[in-house]
Every structure is written in structure tokens, then in C-alpha cells.
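*Asks:* Below you'll find the structure I mean.
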Amino acid sequence: MDTPDLSTTLQFWLLLIFAGLSLICSTFTIYCFLSNRKMRHGLHNHSILFLIMTNVILIFTDVLWMLISLYQVGPPPIPTTSFCLTWWVIDDSLYNIQAFILAWASIERHLLIFHSRYITTQKQKFLLHYLPPLIIIIYLFSFHTNVLVFPPCENLFDFTDLQCGSSPCYVAMNFITIWDTIVNNVFPTLIIVTFNVALLYRIIRQKKRLRQPIQWRKHRRMSMQLISVSAVYVFLHLPMIIITFVQMVQGKDPAVDFGIQIYLFTATYCVTLSLPVVACVNFVSLDKHRHIRISPTATVVPVKKSAEKRAER
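When you line the sequence shown up against our numbering, it's residues 1129 to 1441, in that order.
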């Protein structure tokens, strides 16, 4: 086994800490969702639950394999072509799926809050709630399977490096690379930013017009649940997209600079591993406020005054 350098050691411990915390929060949140019938059937919770379950899959595949590779200082857990292709497809597909699901959830939240009458029947729920995520999953797995497993060129594998060298040949093809960068990465991020800013604006405006505190609090909770998760995603992911896009245009390798290498590695995993933590905090906060609101209150009546009232009767 090679001696790990500072970069490898730092990456290993950062990833291990984030993965452990993320798995704990994911397990807790999934249990709370599945054990609570009201939360389980709430349409606005499905996208968050899907993101968390996707995160668990990533932890037991991509993250686990990366930890093993970092511990071994390079080699993949199974140094074969088929394993490397499987790793690439899972890695690229699931991370993009999370971005697209979050983007769709940002659009759907407007429907659920302001146009809920359009998503009441079973047919409407299928077309507007279940079908879009299904299309997203099929598209992204099909895209990455085609460009990675059946590319119009020859992939190069390095069984002594992280993620088998992580150098699929399609990155040298301008059209596919531009499509992957713009459509699969930049586009969902723009959707997330645009629709969450619009959602925040509409909620603030609604507070001024709506004279129903209970209804407004419900809408605020539904909005803040998504906005907080989206804000963390954009905060960590947007700088990474900008760096990757600039380096793609300039033709530079991000690994040549130690600082950029550490940042890109950390940001890539922190984006997905931090989402369950935010969702968990939101759930605990929501559950706390719910119990505060429904806690019974007792009226204390002085004994003397109570006796006087009975005497009057």
C-alpha cells in the first residue's frame, strides 16, 4: 500500500465524517417519515424523502467505494472494467438525479401551495407528481449509460487511481460535454434558484394579503422546508459549477491545483451529504413547533375566588 499524502488523508477523513453524520440523519428522517402517516402521505414531503433515500444509496455505493479507494490510496475496490463503468454510471446519474428532483420540487411547490386544485385527482397526481421524477430518472440513467457504457470512443481506465482514473472518453467530445455541463448541471441549478426566489417572494406577498394565520403558517412551513434544502445545495454547488465551467472552457485540469482539488472533492460530496442534515433539522424544528401548538393549557383559578363563586350559586 502506498503512503497517503496530505490530500488523500484530508479527503478520507472529511468524507468519512460527512458520510457518518449524513447516514445518521438520513436514517432518522426516513424513520420519522415512514412512521408518521400524515407526513408519509403529504405530497410536499415526497421529493425530500426521495432525495434522502437517493443519498443513502450513494453512501452505500459511491461514497463507500471512494472511502475504500482513499484508504488504499488509489485502487478501486474491484479493479475491473465492468465495476468502473458501474461506478461511473451510478455516480454521475444519481448526483444529477438529485439536482433535477430538487429542481422539479421547486416548480411543484408552487403548484402545491398556490394551485393545489390542479393536483387533487389520481390522474392529476400521476401526471404532475409521479411522472416527472420518473422521466428524470429514465433520462439521466439512459444518458449516462449511453455516453459511458456505449460511447462512440474508447474509455481509458487507470486501476491505480481514484474512480478508475475517472476519464471517460466522451469528455473529449465537445457537443456531449457541453450538453452534460449546461443541461445536466447548470440548467437544474438555475431552475432551483429562480423558482425558490419566486416562491419566497410569493410567500412574503401572501402574508401581507392573507388574513388567515393558520393557512399562512402551513404555506410557510412547506416553503421553508424546500428553500432551506435548496439554499444549501446552491451555496455548495454553484461555485463548483463555475469552476468546472471555466476550466472546461480553458482546458485546465482541476487536479493541478491542490486547493481547487480539495474544494471540488469536498463540495461534490458535501452537496449531497449535507441535504439529509438540513432535512433532519427542519423535521426536528417542525415537530417541536407542532407539539408546542397542540400542548394543552390549563387555567389556574384561585381557591378563594372559586369558593366565592360556588357560594353565590
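Glycine included, each C-beta is placed from N, C-alpha and C at the ideal position. Quick caveat: nothing in here was measured; it's all calculated off a predicted structure.
(1) Does serine 1210 come out as helix, strand or coil in the three-state DSSP assignment?
(2) Terminal residues of the continuous alpha helix (DSSP H) containing glutamine 1291?
(3) If you draw a straight line from the C-alpha of cysteine 1212 to the C-alpha of cysteine 1160, how long is it?
(4) Taking buried to mean at least 16 other C-beta atoms within 10 Å of its own C-beta, is glutamate 1282 buried or exposed?
(5) Which residue or residues does DSSP assign as beta-bridge partners of leucine 1255?
(6) Do the stretch 1179-1187 and the stretch 1397-1409 meet, that is, are 3 or more Cβ pairs less than 8 Å apart?
(7) How would you label tryptophan 1141, buried or exposed, when you count the other beta carbons within 10 angstroms and need 16 or more for buried?
(8) May I ask which residues mark the beginning and end of the alpha helix (DSSP H) holding histidine 1172?
(9) Which same chain residues end up closer than 7 Å to methionine 1154 when comparing Cβ atoms and leaving out the 5 residues on each side of it in sequence?
(10) Under the DSSP definition of a beta bridge, which residues are partnered with leucine 1284?
(11) Specify whether the stretch 1255-1273 and the stretch 1222-1233 touch according to this definition: at least 3 beta carbon pairs, one from each stretch, less than 8 Å apart.
(12) Determine the closest residue to proline 1296 out of Val1217, Gln1353, Leu1138, Gln1139, with distance taken between C-alpha atoms.
(13) Identify, in the order they occur along the chain, each residue of the same chain with its Cβ nearer than 8 Å to the Cβ of serine 1175, setting aside the five sequence neighbours on each side.
(14) Measuring straight from C-alpha to C-alpha, what distance separates leucine 1327 and serine 1221?
(15) Tell me which residue opens and which closes the alpha helix (DSSP H) that serine 1197 is part of.
(16) Need the endpoints of the alpha helix (DSSP H) that asparagine 1302 sits in, please.
(17) Are there 16 or more other CB atoms within 10 angstroms of the CB of tyrosine 1397, so buried, or fewer, so exposed?
(18) With a cut-off of 8 Å, do at least 3 Cβ pairs link the stretch 1301-1316 to the stretch 1358-1378?
(19) Near leucine 1186, what residues of its chain come up, given a Cβ to Cβ distance below 7 Å and the 5 sequence neighbours on each side ignored?
(20) Please classify glutamine 1252: is it buried, with 16 or more other beta-carbons within 10 angstroms of its beta-carbon, or exposed?
(21) The alpha helix (DSSP H) spanning isoleucine 1247 covers which residue range?
(22) Quick one: Cα of valine 1299 to Cα of lysine 1335, how far?
(23) Give the secondary structure of glutamine 1139 by DSSP, where H, G and I count as helix, E and B as strand, and everything else as coil.
(24) Kindly indicate the opening and closing residues of the alpha helix (DSSP H) around asparagine 1312.
(25) Taking all protein chains shown into account, do 16 or more other C-beta atoms lie within 10 angstroms of the C-beta of asparagine 1324, making it buried, or fewer, making it exposed?
*Replies:* Here's the rundown:
(1) helix
(2) No alpha helix (DSSP H) contains glutamine 1291, which DSSP labels as neither H nor E.
(3) 35 Å
(4) exposed
(5) Paired residue(s): none; leucine 1255 is not in a bridge.
(6) yes
(7) exposed
(8) 1171-1186
(9) Contrary to the premise, residue 1154 reads as serine rather than methionine in this sequence. Cβ within range, chain order: Ile1180, Asn1183, Val1184, Pro1404.
(10) Ser1295
(11) yes
(12) Val1217
(13) Ile1229, Leu1230, Trp1232, Ala1233, Glu1236, Pro1261, Leu1354
(14) 28 Å
(15) 1192-1199
(16) 1302-1309
(17) buried
(18) yes
(19) Leu1222, Thr1400
(20) exposed
(21) Segment: none, isoleucine 1247 is in no alpha helix (DSSP H) and carries neither H nor E.
(22) 48 Å
(23) helix
(24) Here asparagine 1312 belongs to no alpha helix (DSSP H), and DSSP marks it neither H nor E.
(25) buried
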